[in-house]
Each structure stands twice: as C-alpha cells, then as structure tokens.
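Residue numbers (our numbering), protein chains in the order written: chain A, 1 to 238; chain B, 1001 to 1238. Think of the CB as a built atom: it goes at the ideal place given N, C-alpha and C, for glycine as much as any other residue. Following: one structure in structure tokens, then a few remarks.
Number of protein chains: 2
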Amino acid sequence: MKTDNGTPAVQKPRAVVCLSGGMDSAVCAAIAAQEFDTYAVHFSYGQRTEQKELSSARAIAGKLGLHTLLPLRVDIFRLIGGSALTDESIAVPAGEPDAAATGSLIPVTYVPFRNAHFLAAAVSWAEVLGAKTVFIGAVEQDSSGYPDCRPAYYQAFRELVRTGTREGDIEIRTPLIHLRKHAIVRLGLELGAPFHVTWSCYSGDQIACGVCESCVLRLRAFAEAGVDDPIPYATNPR
Amino acid sequence: MKTDNGTPAVQKPRAVVCLSGGMDSAVCAAIAAQEFDTYAVHFSYGQRTEQKELSSARAIAGKLGLHTLLPLRVDIFRLIGGSALTDESIAVPAGEPDAAATGSLIPVTYVPFRNAHFLAAAVSWAEVLGAKTVFIGAVEQDSSGYPDCRPAYYQAFRELVRTGTREGDIEIRTPLIHLRKHAIVRLGLELGAPFHVTWSCYSGDQIACGVCESCVLRLRAFAEAGVDDPIPYATNPR
C-alpha cells in the first residue's frame, strides 16, 4: 500500500471488536479504529431486536470504515431460553434496573453467560487473523448489573486467553468499563461515533420504545451529557 | 418419582456434559451419569467428520441413559478457517502429533480457542437448568498438545464462571485431565462406556482411517490397555 505521495503507508495492526450495534459498542469500535485495522464481529442470538441490531452494526461498521463485519448466529439462547431478551415467555421490564423489584441483583434481561460466547468468537477469529487485540464495549456502572460486565470477569478472561490460545498473547481491552454512561456519550461525540445509526432498545420493533431499561439508561446518559439523543423514540419521558 | 416399592426415589442433581462422541467424552459422560441426571451438549462446528460425531454422541447418550442430547451448531470455525479439522485447504496429518514436523508445539488440527465455545454453551445451559456441575473430558497427556486441554486453562475457566454467572457456583469438572489414555480405556470398561459406538477419527468417512493423529493415539491407548478397540479401521497398523 502506498500513500498519495508515494511513500509506503504504515500498516495498522489488526484488532477484532465485538459490535452489538448499541451505543457503547459504537464508541468502542471508534476507539479501536483509531489505532487498528478493525474487524468487527456481530451476534444474532435470538434477541428480540436482532434484525435492528444487525442493521445497526452494519451501519456503524460502514460509517467508521471498519475492515469487515462478520455476522454470526448463536443458536443456544433461543434453544435454552432463560432470559427476557431471548424468551418470549419472560417480559422485558420497563424502567431502570431495579434489584428490589426482582429480589435479585441480576435482572431478567441477563442472558446466561452470554459475553463468554462473544469473546470466545472474537478470540478465535483474532487467532486466525493474527490480531493481538480484542475490544469489547462492556460497561460496569450505569449498566444493568450483569455479572459478565464486571472488571473481574474480564480479568479472568485474560487469563483464559493466556492459557488457552496458541500464542497466549491476545489482549482483551475494555476501554469503557470504568466510564459513566454520559462520559461514553461525550467520548463518542469526540471520536465521531455514529450514534444516529445505533440501536439500544430491548423491545422495540422499528422505533426504540423509550421505556425499557436499556432505553432509560441511554436517555439518561444523553441527558446528563447535555446533548440530544439523535434517534427517535416511541415514548420519550425526558 | 417413586421407586418400584413405593418409596420416593432420590432425585439426582443435574449436570451438563460436553459430549463430542469420542472415547474420552464417552467415559466422561459415564462418570457424570453415575452421580447426576445428565444433560449432554454436542457441537457441530464444520469439522470434517461432523455427521459421524453427532450420530456417535446420540448413540452414547442413548446407551448411557442420559437425560437428553442438545445438538448445537457453531458456525464460526467454518467461516474463519484456520484449522485442519474445519478447513479443507489444510491437510490432516497422519501419525503421532509431532512438534518437530510443524515447528510448533501445537498441531494444525488445533481449532482456535474451540473449547471456550463449548464450555460457554455448557455453562449457559447449566445456568438455565439450575445444574451446578459441568463435565468436559479434556485430557492433557497422550493428547495432541492443544492449549485448551491443559489444567491451567480449566482453572482460568473456573474463575471466569465464578465471576461471570448469576450465582458464580457452577463447578467445571475435568475428571480425565491427568489420566493417561490407556487408563481412560480401562476406566471406561469398568463403567460400561459404550466404546463400540464412539468415533475419534479426524478424517474418515464411514470407517475410521487408523492413521490420523487421533486414531493413532486411540489405537495406542487400547493396545497399552491390553484390549481390542471394538470399532473397525480402514488401516490398523497394530
């Protein structure tokens, strides 16, 4: 590859990013794309809004100029159920995640051990690509309290990669994990993350509902960041 | 549930076992079935012998009286390649795993980070079933030198489960990991593992080839155990 003035271009190293299509993953992908030739992987796992999430992931990958988007289908969650996101018999709750309402610190939208499936795929692909970096936009605070969004979980996954891959040297980066959600909005604006094509809603069809826990967390983040969320909502309490 | 004499039967706790259809997984499932109401999960991931492996897993589950077999399809390995088991452009080598021949300690039949996908599925299912135990028949010695068959890898996975699941209390058991392969044969004979319906070959079509690294390791194990392997081989050097 040559630049316009004929000098050899510096080849960026490769990275794999998990791209859900949501606002956090868009910012995470924007961070990755600054430094890496970025390969995005997206997962359709029977979640209620899988068509919207896939089209959002495609749009984000296009807007950020990522190398490619690998769409994967993960059947298990549809087959085993156990989460409001993949099991029609469990309702998606409205409003903020509320431990008191469910008697548990972990909400019914938790998909059992989901992020292990996503990271396993990203690491497998990184091994084949020769990529030494995997990005995932997990967020601990201002999130739904999922166990697989906590720093200790990613620390354990790093050890799994160290012990269980060919070279043992693929790094798992979670650049958003300690950020408050409004700070992620501001960072995304700085980096040109295409928020207008992202999708966060757990239950909408063509338009985000505005009332599920994911919409509520997102709307609060934009409000606290002092900017308008560029996507339309069926109901916007703010 | 009642026993024949009318007293209530003791309900066995549930466990999930990864059942490939090979000899190690059959022995591992036989161990699990002694103590647990056992749910088996099998993976078709584009490996050359996937039809034979699935039918072997079904047969093993039937012979051992397991609760059910969940057949899962994992697309990623077919899509990304990188292993002789899933990529037709990479030949399956004949003979014993030979580090010197490839210049690497890890052979070309290594499927990148494969067991993380399998364990992730088993743990997700265990969470939904309320099972507190997951079995996998990984073997360190007398195996092909895959990084995801080493004890340190399973130790890391235990930490991942502790930090990344709802209750954090699902145990990962690897009862064969420190056994020599001939000892696994003897243990399987004691437990009634149905070796005659298992399938280990990496490359055969209807009959095991007898010359790939998996066949060679298996044939040596039966020879060292002093018993005949009950399955037929196209070529049996012993």
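If I'm right that V1128 of chain B touches G81 of chain A with Cβ under 8 Å, what's the distance once you round it to whole angstroms? 6 Å
Give the residues of chain B in contact with G81 of chain A, contact being defined as C-beta atoms less than 8 Å apart. V1128
Nearest-angstrom beta carbon gap, E1140 of chain B and P1151 of chain B [assumed within contact, 8 Å]: 6 Å
When you compare each of B:Y1039, B:G1046 and B:A1029 to A1126 of chain B by their alpha carbons, which one comes out closest? B:Y1039
Residue-chain proximity (A1094 of chain B, chain A), Cβ-Cβ < 7 Å: no
Sorted by chain position, which residues of the same chain lie with C-beta nearer than 6 Å to V74 of chain A's C-beta, five sequence neighbours on each side aside? F43, Y45 and H117
For K1052 of chain B, is the classification buried or exposed, using 16 other Cβ atoms within 10 angstroms of its Cβ as the cut-off for buried? buried
Distance check for A121 of chain A and L179 of chain A, CA to CA, integer angstroms please. 25 Å
Measure the beta-carbon distance from T1086 of chain B to C1201 of chain B and round it to whole angstroms, keeping in mind my assumption that it falls under 8 Å. Rounded, the Cβ-Cβ distance is 15 Å, inconsistent with contact.
Proximal chain B residues relative to D169 of chain A, where beta-carbon distance stays under 9 Å: Within chain B, no residue comes near D169 of chain A; the closest Cβ sits about 12 Å away, beyond 9 Å.
Using C-beta distances below 6 Å, list every residue in its chain close to H196 of chain A, excluding the 5 sequence neighbours before and after it, in chain order. P230
Provide the residue span of the beta strand (DSSP E) that contains D1037 of chain B, from first to last. D1037 to S1044
Close Cβ partners of V123 of chain A (< 7 Å) along its chain, the five nearest in sequence each way excluded: V134, V161, T165 and I170
Taking DSSP as the reference, what is the three-state secondary structure of R1173 of chain B? strand
Alpha carbon to alpha carbon, how far is Y1154 of chain B from R158 of chain A? Give it in angstroms, no decimals. 13 Å
Beta-carbon neighbours of H117 of chain A, restricted to chain B and to distances below 8 Å: H1117, A1120, A1121 and S1124
Amino acids of chain B, ordered along the chain, whose beta-carbon sits closer than 7 Å to that of E50 of chain A: Correct list: empty, because the minimum Cβ distance to chain B is about 15 Å.
Nearest candidate by alpha-carbon position, reference C1018 of chain B, set B:T1235, B:Q1047, B:L1187 and B:V1027: B:V1027
Comparing the C-beta of L191 of chain A with each C-beta of chain B, is any distance below 7 Å? no
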